[in-house]
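Contents: one structure, followed by commentary.
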Amino acid sequence: MDLSTFSYQKFVNFALQETKLRTALAPLPSHEKFRLLRSKDNNTVLRTLSFCAPKIRLVRSLTVEGNRAMQVLDFAVFPEPEFDLPIFCANFFTNASLSIVVLDLNPLYDVTIHTDYKEKYYRKLLPLGKKYFEVLKLVTYMLLKEMQLLPWGGNITGESLRFFSPIVIWTRFNSSQFKHDVLYSAFMDYFKRYGAIRIPVTYRTGMYRPYRAAWLALMDEAVEETSACHIHRNREAQHKYLTWRAEKDPGHPILKKLVGENLAKELVWRFLFDGVDSLGAKTFLDYFPEYKCDSGTINQKRSVMGKSYETRPWDLNGEFVGNHSG
Ligand code: BLA
């Protein structure tokens with residue numbers, strides 16, 4: 037696929053425009069220094085945007101535009117600790133041949149343990165994902181074909197899975213305009229979806245399924261928590277998430293290569309996962325002691341459990357059916 041005409045900027049524009057229709061976004065001056073960065077070889081441009089708003093502690097995006105070589109989007113929305121809203125998470129890495137995609141409303145609490153949290157948010161979100169990962173039966177040229185628009189991307193580590201929800205889109209595909217159009221549609225659906233959607237024609241289902249839930253709708257409906265204990269719990273859960281990603285995100289080696297170790301570290305700690313230094317005092321090893329080496333340092337491996345989940349570990353009703361194969 038020719039990446040010179042392709043950009044993730046329209047995803048960011050869509051999300052920010054939709055957010056602005058509902059709430060007042062205020063820019064964050066402390067992030068000004070990250071607005072526009074260039075790679076050392078001058079071939080790649082890194083752009084960032086960030087804002088806060090009522091209910092939203094931080095909405096931020098990073099796009100990496102490497103012309104023909106790569107296009108990357110890291111877009112996330114982190115709620116204020118007074119809300120236990122999921123964290124909106126879109127991480128797309130694309131080069132000329134391959135795209136690696138995570139799109140999810142990451143749960144603040146592990147949904148395999150906290151079933152009340154799963155019920156609260158994901159029961160009504162299930163139809164959102166179905167459109168992209170259920171097996172569609174299509175009749176083309178008189179032949180019955182089965183396909184999934186965005187199928188499970190294969191082995192994923194047990195550690196990452198804890199931060200994913202039953203509607204996570206984890207997929208890898210050969211980069212193509214069609215797949216990216218599907219991805220854009222999924223991004224819009226997960227961020228904002230009101231009213232009925234059109235399901236591709238199948239010979240066994242109806243044409244329309246009404247629903248309105250998506251991240252922005254959840255935000256509209258979210259009611260502020262007043263109990264200090266619950267707010268503390270939410271803050272710590274978000275801090276744990278930030279601590280995980282600031283230490284182990286798979287994109288870091290590329291950022292290091294592009295802008296050098298020091299700037300990459302600052303970008304990760306003070307921009308992408310801003311709050312990792314202020315929302316809590318616990319360290320990575322406090323949250324994830326299984327990574328402790330004998331010398332007391334953090335094990336550099338991304339996973340100590342290994343890659344375990346080869347197929348989607350949730351069924352279409354959001355029940356965990358994970359088969360730990362590793
Ligand atoms: C790969 N990115 C991945 C993978 C995941 C994620 C699951 C597959 C590799 C693996 O199994 O670990 C994303 N992992 C996540 C997310 C969470 C998580 C979102 O645990 C949340 C909890 N990706 C980026 C950026 C770049 C990038 C900014 O977000 C580059 C600048 C690149 N991601 C990237 C690359 C790979 C990857 C190159 C494949 C390389 C590899 O697997 O090491």
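Under my numbering, the sequence shown is numbered contiguously, ending at residue 362.
Where is the CB? At the ideal position from N, CA and C, for every residue including glycine.
This structure is a prediction, so every number in the text was calculated from the model and none was measured.
Can you check DSSP and say which residues form a bridge with residue i?
i, result
"Pro63", "Phe87"
"Asp110", "Leu98, Asn127"
"Thr333", "Paired residue(s): none; Thr333 is not in a bridge."
"Asn210", "Leu134"
"Trp350", "Phe356"
"Leu294", "For Leu294, which the question treats as bridged, DSSP gives no partner whatsoever."
"Pro115", "Ile92"
"Arg74", "Val81"
"Ile203", "For Ile203, which the question treats as bridged, DSSP gives no partner whatsoever."
"Lys328", "Ile334"
"Lys343", "Thr193"
Compare the beta carbon distance of residue i and residue j with 9 Å and say whether it is the shorter of the two.
i, j, result
"Asn191", "Lys343", "yes"
"Asn142", "Cys125", "yes"
"Asp285", "Tyr226", "no"
"His275", "Lys318", "yes"
"Arg71", "Arg83", "yes"
"Val108", "Phe87", "no"
"Glu346", "Phe119", "no"
"Val304", "Leu294", "no"
"Pro122", "Leu144", "yes"
"Ala222", "Tyr168", "yes"
"Met29", "Arg96", "There is no way to answer for residue 29, as the model of the chain reaches only from 37 to 362."
"Val48", "Leu85", "yes"
"Gly354", "Leu180", "no"
"Met224", "Phe50", "yes"
"Ser339", "Thr193", "yes"
"Phe214", "Tyr277", "no"
Would you report the Cα separation of residue i and residue j, rounded to the nearest angstrom?
i, j, result
"Gln53", "Glu283", "31 Å"
"Val171", "Asn270", "36 Å"
"Phe324", "Leu352", "30 Å"
"Val312", "Thr207", "28 Å"
"Trp251", "Asp330", "42 Å"
"Gly165", "Leu197", "16 Å"
"Tyr220", "Asp110", "14 Å"
"Pro115", "Gln184", "32 Å"
"Thr41", "Ser133", "15 Å"
"Glu297", "Val175", "52 Å"
"Asn210", "Ser135", "6 Å"
"Val137", "Val204", "10 Å"
"Tyr158", "Pro349", "15 Å"
"Thr279", "Tyr177", "51 Å"
"Thr80", "Gln45", "14 Å"
"His216", "Val259", "35 Å"
"Tyr247", "Ser43", "With a pLDDT of 49 at Tyr247, under the threshold of 50, the predicted position of this residue should be treated as unreliable, though the coordinate-derived value follows. If you take the alpha carbons of Tyr247 and Ser43, they lie about 29 Å apart."
"Asn78", "Gly316", "37 Å"
"Lys301", "Ile267", "29 Å"
"Pro236", "Val218", "Because the pLDDT at Pro236 is just 48, under 50, the model does not fix this residue reliably, and the point stays unresolved."
"Lys154", "Asp310", "26 Å"
"Cys265", "Glu257", "21 Å"
"Gly332", "Ala60", "45 Å"
"Pro117", "Ile334", "27 Å"
"Pro289", "Gly189", "21 Å"
"Ser263", "Gly358", "34 Å"
"Asp152", "Glu182", "34 Å"
Going by C-alpha distance, which of the options is nearest residue i?
i, options, result
"Lys156", "Val147, Leu164, Pro163", "Val147"
"His150", "Ser135, Ser201, Thr41, Gly316", "Ser201"
"Leu321", "His288, Gln336, Asp38", "Gln336"
"Asp38", "Val340, Ala105, Val48", "Ala105"
"Ser212", "Leu299, Gly194, Leu186", "Leu186"
"Pro63", "Pro90, Asn359, Glu257, Lys76", "Pro90"
"Gly287", "Val100, Glu257, Lys76", "Val100"
"Arg306", "Ala60, Gly194, Glu68", "Glu68"
"Ser66", "Ser75, Met341, Thr333, Leu308", "Leu308"
"Lys160", "Lys76, Arg229, Gly358", "Arg229"
"Glu326", "Glu272, Glu195, Asn359, Arg281", "Glu195"
"Thr55", "Pro289, Ala253, Leu299", "Ala253"
message: In chain order, what are the residue ranges of uninterrupted beta strand (DSSP E) at least 3 long that sit wholly in the region 123-195?
response: 123-131, 134-142, 172-176, 179-183
query: What are the start and end residues of each continuous alpha helix (DSSP H) run of 4 or more residues lying completely inside the region 262-310, in chain order?
result: 264-284, 288-295, 297-302
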